[in-house]
DNA sequence: GGTGGCTGAGAAACCGCTTTCTACTCTCGG
DNA sequence: CCGAGAGTAGAAAGCGGTTTCTCAGCCACC
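Residue numbers (the UniProt record's numbering), protein chains in the order written: chain A, 1 to 342; chain B, 1 to 342.
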């Protein structure tokens, strides 16, 4: 069989075959395909015609190797099923897509060891990395920084490793939430704690503990980051006689809400519930969830801008710390029997 | 500066540098790194030591080019923010991850033109593709089949293009839903239709229309696939005096639920609501959503198995059509004023 | 002791594209 | 009329791996 015949079934269409078909060198085909330099219009026409006829599509892998960049960025998140991260992901894909970049995603399932491996591997396949709320320790992260660069952090801050950070002021969010609950007369708050590895969980906890003593009683309950965690811990809240729940995130709040409903406990009549993040579901449930709203899609956008700057060796815009906006909805109300109000 | 010195800051560590440092050929380093053939243990030791000392990590891009495979698969979905797709994605990443494959994700935002472009581009960057509920026409899909292969379809079927399909028996799901509602005495059902481009929407609509005449009145309302769509259309349902809502999916059902609640309409007292998919939120809302449960994570797993088989040039397992399981929860109840029951 | 088979490692080709370098042609000015 | 300079396209050297091919060395066997 004549292996030089164009369009032979099994043979992949490479730049060489196009060059051959157009009667030019591979270099010229490359130039035409990239719209580079000035090529004789007639030659360019022949090349384009041949490329179209053969259905030529340059190999992205070969280009990546030659160019030293892949046109892909990776994002690593702790929990693929958390809409919070999905929205960040969405913001990121859209922004990156506009610049012709595609996204590799990896979920660590809250496992630090897996996270470390995934981050390193994902980075090697891409030009850059977005680490979303990484669970690994600061030391470990700092140690990997050189290997991972360029990368940007979302919901995490590690000074001195030269990675841009996009932050949420969890403390401010917590302060707003607590102020809201105190105004409603709540005196005994249960905090449903997130994963101990979560930096934002620590921020929130610190903010709660840092409140002037005597303003309210704080009950700290180990919980987690998912529906099921919130669902499982609700009974304990009741046993502790807290009148308000401050959940690590919206998912946990939903879980608790569901359990309370099962038990016939009225929300907010008997217990108020507050979430964190403001995932899209929060406004559509019954009752709608009071929560600290975090600009999730915006985080994704901003993450891309920082990463894009790094990829182009520009100086990224300075770090931002977003202040969550308290969305007061139906899941919070006056504490039972309380007379205080704002 | 001596460019041959190992570990020189700027210089990337390539296989050549390792070979040089270990005093062997690049071929030998390659063999050692891949655990291939038998290499003199002493040489292998030297290579491993050098690789470790230099922090060598083979370039995935170069490997991809040489091997002709990337170790990545892509998934294209219409809506990145729909938990249904996120769960499929989750199932897929986990299953693929076990075989050392990473995931490229792309969301078409329900735009057919974008979907076509994304699918083609994503495929070129990866070894295979999963098209999740593709919106493009059958002809177009068939036309691209050769370019996209190997790929597998989820929630879509196009006979004769040689792509494995994983299906959900939407008609059966609808039949169960309708039977359930009829038993509760509902006689006027509103169907909140999904995107016209959605094949599963057509399946559901056909199943509804195909019901024996006279069993119930069907009100078809154009809607969409998101919260906001369901939220916006709820008023129309009331105007039409339907006593039950059959929503295109859970998201739409939630939106409608939220709006009904805002309006003070009792669910299921005045209106019953049924979703489709059974996303995790469905069981935790108030009232919990009655819905046709689709094994989302399983779809992801199965998609990987089919794709993996194709990648290995094995024959994939035959297509599967999953039958949804009706999850009766709190959002459905007797039609107002109805005496009928099962 | 010569030869055949076998093992193990290096040389070199190759994957498909980009880009520098080089050679050639053509134009224009002195 | 000749040489400099601009413009164009091809040759070839990468990019960083893998793999075939080749060959040297060793052992065993006749």
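Cβ coordinates follow ideal geometry from the N, Cα and C atoms, glycine included.
Just so it is clear, the structure is predicted and the values come from calculations on it, not from any experiment.
Residue pairing by DSSP puts residue 165/B in a beta bridge opposite 153/B. Taking each of 173/A, 113/A, 104/A, 94/A in turn and checking the Cα distance to residue 109/B, the smallest one comes out for 94/A.
Shortest Cα-Cα distance from residue 219/A to any of 199/A, 198/A, 233/A, 242/A involves 242/A.
Taking 8 Å as the upper bound for CB-CB distance, residue 252/A and residue 224/A are in contact here, some 7 Å apart. With its beta carbon at least 8 Å from every one in chain A, residue 101/B lies outside the interface.
In this model, residue 172/B and residue 160/B are separated by some 24 Å (Cα to Cα). Secondary structure note for residue 276/A: its beta strand (DSSP E) is the uninterrupted segment 272-277. At least one CB atom of chain B sits nearer than 8 Å to the CB of residue 81/A.
For residue 258/A, the chain B residues whose C-beta falls within less than 8 Å of its own C-beta are 283, 284, 285, 286, 288, listed in chain order. Beta bridge pairing from DSSP links residue 322/B with 168/B. Each residue's CA atom was taken as its position, placing residue 263/B and residue 235/B some 9 Å apart.
Pairing residue 122/A with residue 238/A, the inter-Cα distance amounts to about 44 Å. If you check the CB distance, residue 248/A and residue 221/A do not come in under 8 Å. The C-beta distance from residue 226/B to residue 274/B rounds to 17 Å, too long to meet the 8 Å contact threshold. Within the stretch 84-111 of chain B, contact with chain A at the beta-carbon level (separation under 7 Å) is assigned to 86, 87, 89, 90, 93, 102, 103, 104, 105, 106, 107. Unbroken beta strand (DSSP E) runs of no fewer than 3 residues, entirely contained in the stretch 49-116 of chain A, are found at 72-77, 102-107, following chain order.
Within chain B, no residue has its beta carbon less than 8 Å from that of residue 143/A; the closest one is some 12 Å off. Within the DSSP secondary-structure output, residue 141/A pairs in no beta bridge. When C-beta distances to chain B are compared with 9 Å, the residues of the UniProt domain "HTH lacI-type" (13-67) of chain A below that value are 55, 57, 58, 59, 60, 61, 62, 64, 65, in chain order. The three-state reading of DSSP puts residue 189/A in strand, counting E and B together. For residue 280/B, the neighbours in chain A by C-beta distance under 8 Å run, in chain order, 81, 227. Contact note: residue 124/B reaches chain A through 57, 60, using a C-beta cutoff of 7 Å and chain order.
The stretch 65-82 of chain A and the stretch 32-41 of chain A do not touch, with fewer than 3 CB-CB distances between them shorter than 8 Å.
With a threshold of 8 Å between beta carbons, residue 186/B makes no contact with chain A. Of all residues in the stretch 242-258 of chain A, those with a C-beta nearer than 8 Å to a C-beta of chain B are 254, 255, 257, 258, reading in chain order.
Annotation for residue 221/A: no alpha helix (DSSP H) segment contains it, though the beta strand (DSSP E) segment containing it runs 217-222. Here residue 25/A is exposed: its Cβ has fewer than 16 other Cβ atoms, across all protein chains shown, within 10 Å.
The beta carbon of residue 261/A sits closer than 8 Å to some beta carbon of chain B. Residue 260/A carries a helical assignment under DSSP once its states are collapsed to helix, strand and coil.
For the 8 Å CB-CB criterion, residue 318/A and residue 294/A do not form a contact.
Contact check between the stretch 276-285 of chain A and the stretch 111-121 of chain A: fewer than three CB pairs, one atom from each, fall below 8 Å, which does not count as touching. The closest CA to that of residue 306/B, considering only 150/B, 195/B, 287/B, is found on 150/B. Taking a Cβ-Cβ cut-off of 7 Å, the neighbours of residue 70/A in chain B comprise 61, given in sequence order. Take residue 80/B, set aside five residues on each side of it, and the residues of its chain with a beta-carbon closer than 6 Å to its own are 107, in chain order. As a beta-bridge residue in DSSP terms, residue 327/A pairs with 291/A.
If you draw a straight line from the Cα of residue 311/B to the Cα of residue 299/B, it is about 18 Å long.
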